[in-house]
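Heads up: the protein sequence lines correspond to chains R and G, in order.
With the working numbering as the guide, the letters of the first sequence map in order to residues -8 to 247.
With the working numbering as the guide, the letters of the second sequence map in order to residues -4 to 294.
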Amino acid sequence: MKPVNAIIQEVRSETPSIRTYRFDLSLNPAPGQYAMVWVHGADEIPMGFSGPETITVNAVGDATRALFKLSPGSSLGIRGPLGNGFTLVGDKILLIGGGVGVAPLAYLGETAHDLGLEVDSLIGFRSADDMIFRSRFMHLGKTVLTTDDGSIGIHGRVSAGLAGLDLESYSQIYLCGPEMMMWDVISRTKDHASRIQACINRYFKCGIGLCGSCCLDPEGIRVCKEGPVIQADRLLDSEFGRYRRGPAGDKGPCRG
Amino acid sequence: MASLSGDVGGLELKNPIMLAAGILGTTGASLRRAALAGAGAVVTKSVGLEPRSGHPGPNVVDVGCGLINAMGLPGPGYLNFQEEIDLASASGVPVVASIFGASPEEFAMVASGLKADAYELNLSCPHAECYGAELGRHPDMVESVTRAVKSSVSSPIWVKLTPNVSDIAELGLAAQRGGADAVVAINTLKAMAIDIESGYPILGNKFGGLSGPAIKPVAIKCVYDLSFALEIPVIGVGGVSSWEDAVEMIMAGARGVQVGTALSRGYEVFGEISRGLSSYLDRKCLTLSDLCGMARRQM
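In structure tokens:
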């Protein structure tokens, strides 16, 4: 598809570096799907949905900084929704998110809650100042909060919040956040890997499974098309958490 | 079932349907998937001397009749690429390294630094400054690049040609003079799309190359002309998405057929095309060599 023109209706500041943009389009994305967002004159970047008409963006690069200069009334090009989103399984689920990665989980949780599922959450941030969507999660059910600096909630990484949860009691676990945070959780919960759906990212260029820049070793999973949600047992022996390719296709360290 | 095996441009292939350059060819794992799905050979993403990040996005736009892309030759550089070729080779099908450079010397350096079953010289990418078609539209340059690579490696050399010239056969003849073992035709056609709401050209590079169903008739004509003009084999590529398209390409004179944009349907296309081609040959009581160039003999 060609990019569809989307007009920004509302910009909300979640933290100094995170903003939510609401569009005039109803794309009806499944939680976990993404859009290729074209910031005119800058670049086109993949963004997960934080709601049916919203994306939530952390300013980390040139394109996101260019996006931050836009205000209501400005337009963007949107290709999407793309990829495979989360699949709801069972009647009691756990969301585990870190940083801006909680955004698609908040959307998933609300969708699940509306369908009558029981939804618990474990969400972590660097500090209280970086926290987003806490009330959205608390509205859904039991919410465990962690911060790296201990400014609110449990002091420690997201995995520090696992101890208080009975993972066995959840029919499915949904994970999204910085790669090393997700890897930390997956590697500590290997027994549950077949019940964990992880929303991951790689360097996407085409978004339609053709260019090959996002393929995950060793299976060659086209993350932009077959993902970005991938069952964690397929990640255990993959490049995930070990290395990732950059825009040139060369291997580099995982960040976050 | 009719046999699809045979020699294509100096490589013995189990079937003539190959993965085209630039599609799912950045990693050994994705090349291996194409091989396991039934590709007769796989061609890597083009690799050059240095790592390159490519153009800013959007890199691809679907215009309904095909795709326009301007990736900008992203790649890790040849020194980081041998491990991907080796991984792909472990699948058992021939791996063709697509390479690019800014001069005959650069091409020769990249080729001699990579071990592959064959080399496909990218003298045809339409959207990378100083590379691809900027060299490849000049017959003299095609000949010198081909000769430089031919004298530095022993594996077969295929030269991928640009259709963005008035007479592609001149380029094919130049490749043949330079010692090419085959030519591959065609690369994408120069193209552009504009977003009418904002007025911006959609691609980050402003223009790019058109692939997919829209260019198949152009590719058929180029292959038809080249196979008449050349002694060396022609490998057809451009808009092939079904076994019927592959039959048509072979009838135009192609010994092998590459598939690219159709991979958007999934890796299954290789099996579908090979099976369809084989059944067709059975139904018509023909061999692959009977089919090759049939369109020129039907007069």
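Beta carbons: idealized from backbone N, C-alpha and C, even for Gly.
Proximity test, Cβ basis, 8 Å: residue i and chain B
i	result
A188 (chain G)	Absent from the structure: chain B. Protein chains present are R and G.
Residue-level contact to chain R via CB, residue i, 8 Å cutoff
i	result
D81 (chain G)	no
V252 (chain G)	no
E192 (chain G)	yes
A92 (chain G)	no
M13 (chain G)	no
D112 (chain G)	no
R28 (chain G)	yes
N200 (chain G)	no
S237 (chain G)	no
L258 (chain G)	yes
N159 (chain G)	no
S25 (chain G)	yes
I18 (chain G)	yes
N117 (chain G)	no
T22 (chain G)	yes
Three-state secondary structure assigned by DSSP to residue i
i	result
A(-3) (chain G)	coil
K242 (chain R)	strand
D105 (chain R)	helix
P95 (chain R)	helix
F265 (chain G)	helix
V42 (chain G)	strand
H130 (chain R)	helix
S112 (chain R)	strand
A154 (chain R)	helix
K196 (chain R)	coil
Y275 (chain G)	helix
G17 (chain G)	coil
V137 (chain G)	helix
G174 (chain G)	coil
R250 (chain G)	strand
G199 (chain G)	coil
D121 (chain R)	helix
Residue i at chain G interface by Cβ criterion, 8 Å
i	result
E159 (chain R)	no
I221 (chain R)	no
I36 (chain R)	yes
C206 (chain R)	yes
D241 (chain R)	yes
H31 (chain R)	yes
P238 (chain R)	yes
L58 (chain R)	no
L201 (chain R)	yes
G281 (chain R)	No answer is possible for residue 281 (chain R): the residues shown for chain R start at -8 and end at 247.
C197 (chain R)	yes
K(-7) (chain R)	yes
N(-4) (chain R)	yes
E210 (chain R)	yes
Buried or exposed by the 16-neighbour rule on C-beta atoms within 10 Å, applied to residue i
i	result
G81 (chain R)	exposed
E(-2) (chain R)	A quick correction: the sequence has Ile, not Glu, at residue -2 (chain R). It is exposed - the Cβ of I(-2) (chain R) has fewer than 16 other Cβ atoms within 10 Å.
G248 (chain G)	buried
K181 (chain R)	exposed
N54 (chain G)	buried
E101 (chain G)	buried
P209 (chain R)	exposed
A188 (chain G)	buried
A103 (chain R)	buried
T78 (chain R)	exposed
L19 (chain G)	buried
A128 (chain G)	buried
Q171 (chain G)	buried
V51 (chain R)	exposed
M246 (chain G)	buried
C217 (chain R)	Here residue 217 (chain R) turns out to be Glu, not Cys, going by the sequence shown. Buried, by the Cβ-count rule.
The ligand PLP heavy atom lying under 7 Å from the CB of residue i
i	result
T39 (chain G)	The ligand PLP is not part of the structure shown, which contains no ligands of any sort.
* **Cβ pair count under 8 Å reaching 3, the region 128 to 142 of chain R against the region 61 to 77 of chain R** => no
* Asked: Taking only runs of the alpha helix (DSSP H) that begin and end inside the region 204 to 246 of chain G, which ones reach a length of at least 4 residues, in chain order?
  -> 211 to 224, 238 to 246
* Asked: Hey, is the region 191 to 198 of chain G in contact with the region 211 to 226 of chain G, meaning 3+ C-beta pairs nearer than 8 Å?
  -> no
* Any contact of the region 7 to 21 of chain G with the region 259 to 271 of chain G, i.e. 3+ C-beta pairs under 8 Å? -> yes
* beta strand (DSSP E) runs contained entirely in the region 28 to 65 of chain R, provided each spans 3 or more residues -> 34 to 42, 45 to 49
* Asked: In the region 213 to 243 of chain R, which residue ranges form an unbroken alpha helix (DSSP H) of at least 4 residues, counting only runs that do not cross its ends?
  -> 214 to 217
* To do: Could you tell me whether the region 82 to 95 of chain G touches the region 24 to 43 of chain G, where touching means 3 or more Cβ pairs closer than 8 Å?
  => yes
* Asked: Counting Cβ pairs, one atom from each stretch, are 3 or more of them under 8 Å apart for the region 47 to 64 of chain G and the region 25 to 33 of chain G?
  -> no
* To do: For the region 102 to 116 of chain G and the region 138 to 154 of chain G, state whether three or more C-beta atom pairs, one from each stretch, are separated by less than 8 Å.
  => yes
* **Three or more C-beta pairs below 8 Å linking the region 162 to 182 of chain R and the region 86 to 96 of chain R** => yes
* Would you call the region 106 to 120 of chain R and the region 188 to 195 of chain R touching, i.e. three or more CB-CB distances under 8 Å? -> no
* At a cut of 8 Å, does the region 40 to 57 of chain R reach the region 94 to 101 of chain R through at least three beta carbon pairs? -> yes
* At 3 residues or longer, and completely inside the region 36 to 108 of chain G: list those beta strand (DSSP E) runs for me, N to C. => 36 to 38, 55 to 57, 62 to 64, 90 to 94
* Can at least three beta-carbon pairs, one atom from the region 102 to 109 of chain G and one from the region 158 to 167 of chain G, be found at a separation below 8 Å? -> no
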